[in-house]
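Line by line, the protein sequences are chains A and B.
Anchor point for the first sequence: position 95 equals 95 in this note's numbering, and the numbering is continuous, going up by one each time.
Anchor point for the second sequence: position 351 equals 351 in this note's numbering, and the numbering is continuous, going up by one each time.
In this text, a Cβ means the ideal position worked out from N, Cα and C, and glycines have one as well.
Reading through the structure tokens given below for one structure.
Number of protein chains: 2
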Amino acid sequence: MATAPAFNTLQLSRPLPLDCGQELAGVEIAFETYGELAADKSNAILICHALTGDQYVASEHPVTGKPGWWERTVGPGKPIDTDRFHVICANVIGSCMGSTGPASIADDGAPYAMRFPVLTIRDMVRGLVGLLDELGIDQLHTVVGGSMGGMQALSLAANFPERAARVLAIATTARHSAQNIAFHEVGRQAIMADPNWRGGNYYGDEKTPDAGLSVARMAAHITYLSEAGLTDKFGRRLQDRDAKSFGFDADFQVESYLRYQGSGFTQRFDANSYLYITRAMDYFDLAEEHGGKLADAFAGHGRDSGARFCVISFDTDWLYPTAESRHIVHALNAAGAPVSFVELSAPYGHDSFLLDVPALDRVIEGFLR
Amino acid sequence: MATAPAFNTLQLSRPLPLDCGQELAGVEIAFETYGELAADKSNAILICHALTGDQYVASEHPVTGKPGWWERTVGPGKPIDTDRFHVICANVIGSCMGSTGPASIADDGAPYAMRFPVLTIRDMVRGLVGLLDELGIDQLHTVVGGSMGGMQALSLAANFPERAARVLAIATTARHSAQNIAFHEVGRQAIMADPNWRGGNYYGDEKTPDAGLSVARMAAHITYLSEAGLTDKFGRRLQDRDAKSFGFDADFQVESYLRYQGSGFTQRFDANSYLYITRAMDYFDLAEEHGGKLADAFAGHGRDSGARFCVISFDTDWLYPTAESRHIVHALNAAGAPVSFVELSAPYGHDSFLLDVPALDRVIEGFLR
Chain A
1 MATAPAFNTL
11 QLSRPLPLDC
21 GQELAGVEIA
31 FETYGELAAD
41 KSNAILICHA
51 LTGDQYVASE
61 HPVTGKPGWW
71 ERTVGPGKPI
81 DTDRFHVICA
91 NVIGSCMGST
101 GPASIADDGA
111 PYAMRFPVLT
121 IRDMVRGLVG
131 LLDELGIDQL
141 HTVVGGSMGG
151 MQALSLAANF
161 PERAARVLAI
171 ATTARHSAQN
181 IAFHEVGRQA
191 IMADPNWRGG
201 NYYGDEKTPD
211 AGLSVARMAA
221 HITYLSEAGL
231 TDKFGRRLQD
241 RDAKSFGFDA
251 DFQVESYLRY
261 QGSGFTQRFD
271 ANSYLYITRA
281 MDYFDLAEEH
291 GGKLADAFAG
301 HGRDSGARFC
311 VISFDTDWLY
321 PTAESRHIVH
331 ALNAAGAPVS
341 FVELSAPYGH
351 DSFLLDVPAL
361 DRVIEGFLR
Chain B
1 MATAPAFNTL
11 QLSRPLPLDC
21 GQELAGVEIA
31 FETYGELAAD
41 KSNAILICHA
51 LTGDQYVASE
61 HPVTGKPGWW
71 ERTVGPGKPI
81 DTDRFHVICA
91 NVIGSCMGST
101 GPASIADDGA
111 PYAMRFPVLT
121 IRDMVRGLVG
131 LLDELGIDQL
141 HTVVGGSMGG
151 MQALSLAANF
161 PERAARVLAI
171 ATTARHSAQN
181 IAFHEVGRQA
191 IMADPNWRGG
201 NYYGDEKTPD
211 AGLSVARMAA
221 HITYLSEAGL
231 TDKFGRRLQD
241 RDAKSFGFDA
251 DFQVESYLRY
261 QGSGFTQRFD
271 ANSYLYITRA
281 MDYFDLAEEH
291 GGKLADAFAG
301 HGRDSGARFC
311 VISFDTDWLY
321 PTAESRHIVH
331 ALNAAGAPVS
341 FVELSAPYGH
351 DSFLLDVPAL
361 DRVIEGFLR
């Protein structure tokens, strides 16, 4: 990863208790906000980001110079309307865009690296709630997230039921499946097999585990797209050539695209953060946290007493397929929580939540109305 | 890969023309046979193996000591009955179990390594047909294969229509999709990122690219199993522990299983062979080879003039889903070739063709009757 830019950060005044039993003191949370906070603080929306996301939801990424990752959804007059709402987006702890993570400096003056405690999604949410405490926001208008962001939204609803009046969970799951864990494990093994990883102690060195991180990203990236979407986008078309090379260059466009995705990713992401965040996702099982029954996770949301929920899935998402959303909805029903659920049709697979799906805009607008 | 055992090999008397334009002279084909060849040579069945398969279809693997990879299907009284048939199974060229491949010695006395020509599935089939020529077998009773073996069976039918009276293609495709190519490219990049790969020149060295090959195998292995199969087999169960470790050990059984699959594979397979064979599979597009129309690939099989075909898919195979088999069947129909087609229900994903699926036994038996 390139040199870190200056982030807008805030230090939590209280140590953060973690699921592993440790406490993390002096936690920094890096965040961005968009739109004015109302005097009564009733219009705050917390957007939770995905595995490789960050706080730059609607503004230029300081490392890549690319537009915010959800600019099509967040901004003035957009589905999450910053003329109306005060949007907060914070980098999760364990990540590498300014919030405390494995690259942060420990008490002994050296980076934590693999001494950083293994986190859970609930720990990330504790960090976000710590930020809301510092900002004096007792209750969010809405907490929203896609993918791992959706896990955080559900975890916040389960563990801090009074902190959000609405919960919008998109393309997500209440637990990581064996297949989800398997794909992440491939990525972690690719990173750890890179001799430049050196047990995680590569900070400050010239050589970083970019090759391993790139392979991890390539494997994960395939799971974000649908088979049909890949076929539509690339098929078997060749890259910058008329015939096969009978070699090991990137003959096919899809190979070239994947290599680009892999190498580009290493410019903006830290390999150890990738290990920690995928581990947190694999550990995620909201039912297990609440005695084994998912409905019990939402016990604080009985009718007329809790948040309103909206759950959205995509028909081509094979990473967190619709069955996973249905599982969440059944649990919310069993808990008596008001929930609307829609499976949207979109060709892009899991990544649909980030892409041009007008029906998604309409559902979000309707839910925030 | 461990030291090579002694293989039963035969040298082709004629050089092999390859799709890349080169010729390969002195090609060795390693093969095993089971059952007696009839005096009129009418009872020979050629079994084509998959990507990481070999000629030990029904006898102990000399490196691993494990039973043959299709012993449940091939043997006396089994669906492919060696009391009745003479079964031939040969290691494909490009592989590493005795047939000529990247580890073979080139004219200059050094291993080919990456100087080995890039092969196609048709080139592998040319090697197999060369073997049949040497054995004096003009026409097979049946050519059969699953996965990449099915590609070879189809390629043999298309390019040597007179060489097989029956063609049995299981869990396969007539072309590699963008998603298929993408998964293979992840594996190749993992191997090439391993510093022990050294541009393929690791033969005779103590260090071989096992870490990269292991990651490649892990990624591929996920695609061989169904999501439901993985959930049934592993779910989120922990490995040899009662609680999560909050570390990066293989906490989950599925992680432990994948690591075992990856590391075990490196004992029996050569990383360069993995590069070459995956490349051949990615290049496979039977229609493209025949002017762009798949039906034209089977032009030699008009009704009453060619082979009988049987195509089998599995409902949980997401690597080569049923739609790919249907595509083959439509082309055979258009060519006027006699074909039976069945989609079998089995929980194991792509690997179903290797596992306990009684309905598969019955279809094979019926087709060979």
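Closest by C-alpha distance to residue i, when choosing among the options
i: B:Phe309; options: B:Met218, B:Phe252 and B:Leu368; result: B:Leu368
i: A:Lys389; options: A:Asn333, A:Thr266, A:Gly150 and A:Thr64; result: Any answer about residue 389 of chain A is impossible in this case: the structure gives chain A only from 1 up to 369.
i: A:Ala38; options: A:Ala30, A:Gln139 and A:Ser95; result: A:Gln139
i: A:Asp43; options: A:Pro67, A:Glu23, A:Glu60 and A:Ile80; result: In the sequence as presented, Asp is not what sits at residue 43 of chain A; that position holds Asn. For the residues A:Pro67, A:Glu23, A:Glu60 and A:Ile80, the minimum Cα distance to A:Asn43 belongs to A:Ile80.
i: A:Thr100; options: A:Arg166, A:Leu12 and A:Tyr257; result: A:Leu12
i: B:Ala90; options: B:Tyr56, B:Arg362, B:Lys78 and B:Gln253; result: B:Tyr56
i: A:Lys207; options: A:Thr266, A:Gly229 and A:Lys244; result: A:Thr266
i: B:Ile93; options: B:Ser59, B:Phe341 and B:Met124; result: B:Met124
i: A:Val254; options: A:Tyr274, A:Leu119, A:Ala271 and A:Ile222; result: A:Ile222
i: A:Ser313; options: A:Phe284, A:Ile328, A:Ala307 and A:Gly306; result: A:Ile328
i: A:Arg268; options: A:Gln22, A:Pro62 and A:Gly26; result: A:Pro62
i: B:Gly204; options: B:Gly77, B:Ala110, B:His301 and B:Pro358; result: B:Ala110
i: B:Phe234; options: A:Lys233, A:Met151, A:Arg237 and A:Ala182; result: A:Ala182
i: B:Glu162; options: B:Ser256, B:Ala271, B:Ala30 and B:Ser305; result: B:Ser305
i: A:His184; options: A:Leu238, A:Trp197 and A:Asp282; result: A:Asp282
i: A:Ile137; options: A:Gly98, A:Leu344, A:Pro67 and A:Lys41; result: A:Lys41
i: A:Asp251; options: A:Asp83, A:Leu238, A:Leu258 and A:Gly98; result: A:Leu238
i: B:Trp197; options: A:Ala193, A:Gly199 and A:Lys244; result: A:Ala193
i: B:Thr33; options: B:Gly68, B:Pro17, B:Val27 and B:Ala25; result: B:Gly68
i: B:Gly35; options: B:Arg126, B:Asp19, B:Gly77 and B:Ala337; result: B:Gly77
i: A:Gln179; options: B:Gly65, B:Ser177, B:His141 and B:Ala220; result: B:Ala220
i: A:Phe116; options: A:Glu23, A:Leu132 and A:Gly130; result: A:Glu23
i: B:Leu135; options: B:Arg362, B:Ala6, B:Leu10 and B:Phe341; result: B:Leu10
i: B:His86; options: B:Glu227, B:Tyr202, B:Leu132 and B:Gly127; result: B:Leu132
i: A:Met240; options: A:Tyr257, A:Glu227, A:Ala228 and A:Thr231; result: Residue identity differs from the one stated: residue 240 of chain A is Asp in this sequence, not Met. A:Asp240 has its Cα closest to that of A:Tyr257, out of A:Tyr257, A:Glu227, A:Ala228 and A:Thr231.
i: A:Ala335; options: A:His176, A:Arg303, A:Gly65 and A:Gly21; result: A:Arg303
i: B:Glu365; options: B:Arg166, B:Thr64 and B:Gly200; result: B:Arg166
Residues sharing a beta bridge with residue i, DSSP
i: B:Leu24; result: B:Leu16
i: A:Pro111; result: A:Ile105
i: A:Val74; result: A:Ile80
i: A:Arg175; result: A:Asp285
i: A:Gly145; result: A:Cys48 and A:Ala169
i: A:Thr322; result: BP columns for A:Thr322 are empty, so no partner.
i: A:Cys89; result: A:Glu32 and A:Ile47
i: A:Ala164; result: A:Leu140
i: B:Val342; result: B:Ile312
i: B:Phe246; result: In DSSP, B:Phe246 forms no bridge with anything.
i: A:Phe252; result: A:Leu238
7 angstroms Cβ cutoff, residue i in contact with chain C
i: A:Ile222; result: Considering every chain present, this structure includes no chain C. Its protein chains are A and B.
Anticipated Cβ contact below 8 angstroms, residue i with residue j, distance rounded
i: A:Ala106; j: A:Cys96; result: Between A:Cys96 and A:Ala106 the Cβ distance is about 15 angstroms, and since that is not below 8 angstroms, they are no contact.
i: A:Ala346; j: A:Thr316; result: 6 angstroms
i: A:Arg14; j: A:Gly130; result: 7 angstroms
i: A:Phe248; j: A:Ile121; result: So it is not a contact: roughly 39 angstroms between Cβ atoms.
i: A:Val118; j: B:Phe246; result: 4 angstroms
Near the ligand FAD: residue i beta-carbon under 6 angstroms from a heavy atom
i: B:Val92; result: No copy of the ligand FAD appears in this structure; indeed no ligand is present at all.
Identify each residue in the stretch 262 to 287 of chain A for which the Cβ-Cβ distance to at least one residue of chain B is less than 8 angstroms, and report them in chain order. Gly262, Leu275, Arg279, Asp282, Tyr283 and Asp285
With contact counted as at least three CB pairs below 8 angstroms, one residue from each stretch, are the stretch 275 to 291 of chain A and the stretch 257 to 264 of chain A in contact? Three or more beta-carbon pairs separated by less than 8 angstroms are not found between the stretch 275 to 291 of chain A and the stretch 257 to 264 of chain A, which leaves the two stretches without contact.
Using a Cβ-Cβ cut-off of less than 8 angstroms, give me the residues of the stretch 158 to 189 of chain B that come near chain A, in sequence order. Arg175, His176, Ser177, Ala178, Gln179, Ile181, Ala182, Phe183, Glu185, Val186, Arg188 and Gln189
Identify each residue in the stretch 236 to 264 of chain A for which the Cβ-Cβ distance to at least one residue of chain B is less than 9 angstroms, and report them in chain order. Arg236, Arg237, Lys244, Ser245, Phe246, Gly247, Phe248, Ala250, Asp251, Phe252, Gln253, Val254, Glu255, Tyr257, Leu258, Arg259 and Gly262
Given 8 angstroms as the limit, is there contact between the stretch 136 to 154 of chain B and the stretch 32 to 52 of chain B, that is, 3 or more CB pairs closer than that? yes
Contact between the stretch 343 to 363 of chain B and the stretch 212 to 219 of chain B (3+ Cβ pairs under 8 angstroms): no
Would you list, in chain order, the members of the stretch 190 to 214 of chain B that have their beta-carbon closer than 8 angstroms to a beta-carbon of chain A? Ala190, Met192, Ala193, Asp194, Pro195, Ala211, Gly212 and Ser214
Give the residues from the stretch 17 to 46 of chain B that approach chain A closer than 7 angstroms (Cβ to any Cβ), ordered along the chain. If the cut-off is 7 angstroms between Cβ atoms, the stretch 17 to 46 of chain B has Cys20 near chain A.
Taking contact to mean at least 3 C-beta pairs separated by less than 8 angstroms, is the stretch 167 to 178 of chain A in contact with the stretch 316 to 325 of chain A? yes
May I ask you to list, following chain order, the residues of the stretch 105 to 139 of chain A that have a beta carbon less than 8 angstroms from some beta carbon of chain B? Met114, Pro117 and Val118
When you check each C-beta in the stretch 64 to 80 of chain A against every C-beta of chain B, which residues fall closer than 9 angstroms? none
Three or more C-beta pairs below 8 angstroms linking the stretch 285 to 303 of chain A and the stretch 152 to 159 of chain A: yes
Listed in chain order, which residues of the stretch 324 to 337 of chain B have Cβ atoms closer than 9 angstroms to some Cβ of chain A? none
Compile a chain-ordered list of the residues in the stretch 349 to 367 of chain A whose CB is closer than 8 angstroms to at least one CB of chain B. none
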